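In the numbering used here, the protein residues as written are 12 to 278. Contents: one structure, followed by commentary.
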Amino acid sequence: MKRFEGKTLRWEWRDGIVELTLDHEPANEIGTETLADLEELATAIPALARETAACIFSSARKQGFSAGADLRELYRGAEPLSEKERLAGVRQFLERVHAVLNAIDAAPFVTIAAVHGVCFGGGFELALACDIIIADKMARFAFPELRLGLIPGFGGIPRLKRDVGNAFVRDLLLTGRSVNAARAQAVGLVAQLAAEGDALKIARSTAAQITKFDAVTRAAAKKFIKPIPHEELRREIDLFCELFTRPAVIAALKKFVESTDAMPYLP
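Listed below in structure tokens is the structure:
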């Protein structure tokens, strides 16, 4: 499948490079529709891999890369359910998300996140599943889940721990504060810092460089230097589900959904 047009994203293959564009109002929140579109990508990876050197993830939304999970959908789906039904539903959703992000993480071609604006929560976790993050200088990264009584649930903690030091991990997770692209580059999270609006341009030039090299060696090197922390990812799902069943979490989600702030996801 060299071209795909979904409800929330699209991609196109050209000259060994896949360009995937997130485009879902208002800020690329990741809910069931986006997950279904990402599952199409995960299914296509084996076929794409035969002719693909790199895949670029970017956003068409001016607000940024992604504001994270679709908390409004999560709340509306969970609020009327019993605790048992709520737990089963959120676990099923997380299992699907993890399957997709693990597939992106393990893809034999190089994955590049071209980030601008907000890159929060689940959107940050999607970027972390990629091999290289290129960010423009106005990008910001955050895990604001703590203020909802939750932890990141899309694999963010194990992947962030894989990539950067514990001090930075704890600062992000335990304060909920956002960090700018310059600090993210300083700690090794961002590979390249671009001028405002230039992240996709730099990602394209990086992808073009990657196409010059041997595919077998590239896949072997990636597998060696980027092991997937499967055990920790499973434990994260368990902990998220345990926390999600608490009434305090539903109350926090309700407050978020009813917020009149223009961008309530900002920490």
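Cβ atoms here follow ideal geometry from the backbone N, Cα and C, with glycine treated the same way. Keep in mind the model is a prediction, meaning the values are calculated, not measured.
Let me make sure I understand the geometry here. Which of the options has the alpha-carbon closest to that of residue i?
i, options, result
"Leu161", "Ala230, Glu16 and Leu85", "Leu85"
"Leu31", "Thr19, Ala58, Ala146 and Arg194", "Thr19"
"Ala125", "Thr45, Gln203, Ser270 and Glu247", "Gln203"
"Arg102", "Glu253, Ala262 and Ala263", "Glu253"
"Val11", "Gln220, Arg72 and Val227", "Outside the modelled stretch of the chain, which goes from 12 to 278, sits residue 11, for which no answer is possible."
"Ala226", "Val29, Phe120 and Lys13", "Phe120"
"Glu94", "Ile261, Glu16 and Glu36", "Ile261"
"Val29", "Ile248, Gly176 and Lys13", "Lys13"
"Glu247", "Lys172, Ala263, Leu264 and Thr271", "Lys172"
"Ile144", "Arg245, Thr271, Leu105 and Gly199", "Gly199"
"Ala197", "Leu211, Ile213 and Val175", "Val175"
"Asp34", "Ala192, Arg181, Asp48 and Leu82", "Asp48"
"Leu98", "Leu211, Leu250 and Phe235", "Leu250"
"Asp182", "Val201, Ala153, Ala206 and Asp209", "Ala153"
"Glu207", "Ala230, Ala193 and Phe15", "Ala193"
Run through DSSP, which three-state label would residue i get?
i, result
"Ser216", "helix"
"Gly134", "helix"
"Arg257", "coil"
"Ile284", "A query on residue 284 cannot be resolved here, the shown segment of the chain reaching from 12 to 278 and no further."
"Glu84", "helix"
"Ala65", "strand"
"Glu36", "coil"
"Ile236", "helix"
"Glu322", "Residue 322 is absent from the model: the chain starts at 12 and stops at 278."
"Arg336", "Past the boundaries of the shown model lies residue 336; the chain is included only from 12 to 278, so the question cannot be answered."
"Leu52", "helix"
"Phe224", "coil"
"Glu30", "strand"
"Glu44", "helix"
"Glu11", "The structure shown does not extend to residue 11, since the chain is modelled only from 12 to 278, so the question has no answer here."
Compute every distance between the C-beta of residue i and the non-hydrogen atoms of the ligand SAM, then say whether any falls below 8 Å.
i, result
"Ala195", "This structure lacks the ligand SAM, and indeed carries no ligand of any kind."
Since residue i contacts residue j with CB under 8 Å, what's their CB separation in whole angstroms?
i, j, result
"Thr54", "Ile123", "That belief does not hold up - the Cβ atoms of Thr54 and Ile123 are roughly 21 Å apart, past 8 Å."
"Leu46", "Trp22", "So it is not a contact: roughly 15 Å between Cβ atoms."
"Ala60", "Ala118", "7 Å"
"Ala64", "Thr222", "4 Å"
"Leu100", "Glu62", "First, the amino acid is wrong: residue 100 is Gly here, not Leu. 38 Å between Cβ atoms; not a contact."
"Leu211", "Arg170", "At roughly 22 Å, the Cβ-Cβ gap does not stay under 8 Å, so Leu211 and Arg170 are not in contact."
- Task: For the stretch 162-175 and the stretch 98-116, state whether three or more C-beta atom pairs, one from each stretch, are separated by less than 8 Å.
- Result: Counting Cβ pairs under 8 Å, three or more are found: they touch.
- Query: Do the stretch 33-45 and the stretch 59-79 touch if we need at least three Cβ pairs shorter than 8 Å?
  - Reply: yes
- Can we say the stretch 137-157 touches the stretch 178-191, given the rule of at least three CB pairs closer than 8 Å? yes
- Query: Which runs of the beta strand (DSSP E) spanning at least 3 residues fall entirely within the stretch 154-214, listed in chain order?
  - Reply: 203-205
- At least 3 beta-carbon pairs within less than 8 Å: the stretch 240-248 vs the stretch 144-151: no
- Message: So within the stretch 95-151, which uninterrupted alpha helix (DSSP H) runs reach at least 4 residues, ignoring any that extend past its ends?
- Response: Counting only runs of 4 or more, we get 132-140.
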